[in-house]
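Everything below concerns the one structure shown next.
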């Protein structure tokens, strides 16, 4: 499989049991330049590779998805949407997974017309926190139209952005997303973070030992 070609054509690629003897860091480095999260302001304690696992609200801080949604489904979003230019790619790699939990991917091209009808071109949000900055939901990177959205870390500042927020929470959008299952060790999902939204389904309490590695690259 030509992974770079698949990414260029489809915006995401799922590779079952991909090179289980290799580290996620080496695999990401073979596709691009790893984003060193620790180099960014207020991120010095975050490693390049994160292990993410389901947590109940009571065991999470309120600035994390688990602190807001717990074991319920995570809404459709793009990662690090509050950055001026978010990482282009994220890689999710299964350490321990289950059939009952899915990662959902919604390509922008499936919903772009609906979003443009709701004023995406003029939609502006601000990052939450004391040092908030204004961010267009539609931005350009290397000549390509890109999308950002995150209901936890971005707050709409105009009516267009509020319309996009309502659209993103619409159940029809959720149903349009593609279900992908990270079940076996080494199952890997690479997503173009500029052209796709993604989400996580709800997690049954007995499956909280699910573990997924995550890394970003450009």
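Numbering (full-length UniProt numbering), first residue to last: 1 to 218.
For each residue, glycine too, the CB sits at the ideal point set by N, CA and C.
* Contact the stretch 111–124 vs the stretch 86–101: 3+ CB pairs below 8 Å -> no
* Asked: Rounded to whole angstroms, how far is the Cβ of residue 188 from the Cβ of residue 93, which I believe are closer than 8 Å?
  -> Looking up residue 188 in the chain shown gives position 188. Looking up residue 93 in the chain shown gives position 93. Indeed they touch by this definition, with Cβ atoms about 5 Å apart.
* In the DSSP assignment, what are the bridge partners of residue 89? -> Mapped onto the chain shown, residue 89 falls at position 89. Bridge partners of residue 89: 192 and 217.
* Asked: Are residue 288 and residue 155 close, meaning C-beta to C-beta below 8 Å?
  -> A query on residue 288 cannot be resolved here, the shown segment of the chain reaching from 1 to 218 and no further.
* Would you check if the distance between the CB atom of residue 141 and the CB atom of residue 194 is smaller than 8 Å? => Your numbering for residue 141 matches position 141 in the chain shown. Your numbering for residue 194 matches position 194 in the chain shown. A contact, by the Cβ cut-off of 8 Å.
* Asked: Expressed to the nearest angstrom, what Euclidean distance is found between the alpha-carbon atoms of residue 95 and residue 183?
  -> Walking along the chain shown from the start, residue 95 turns up at place 95. Walking along the chain shown from the start, residue 183 turns up at place 183. For residue 95 and residue 183, the distance between alpha carbons rounds to 8 Å.
* Asked: In terms of residue numbering, what span does the beta strand (DSSP E) encompassing residue 183 cover?
  -> As a first step, residue 183 must be located in the chain shown, where it is residue number 183. Where residue 183 is concerned, there is no enclosing beta strand (DSSP E), given that its DSSP letter is neither H nor E.
* Exposure of residue 47, with buried meaning 16 or more beta-carbon neighbours within 10 Å -> The sequence position of residue 47 within the chain shown is 47, counting from 1. Exposed: under 16 other Cβ atoms inside 10 Å.
* Rounded to whole angstroms, how far is the Cβ of residue 14 from the Cβ of residue 76, which I believe are closer than 8 Å? -> The residue given as residue 14 occupies position 14 in the chain shown. The residue given as residue 76 occupies position 76 in the chain shown. Between residue 76 and residue 14 the Cβ distance is about 18 Å, and since that is not below 8 Å, they are no contact.
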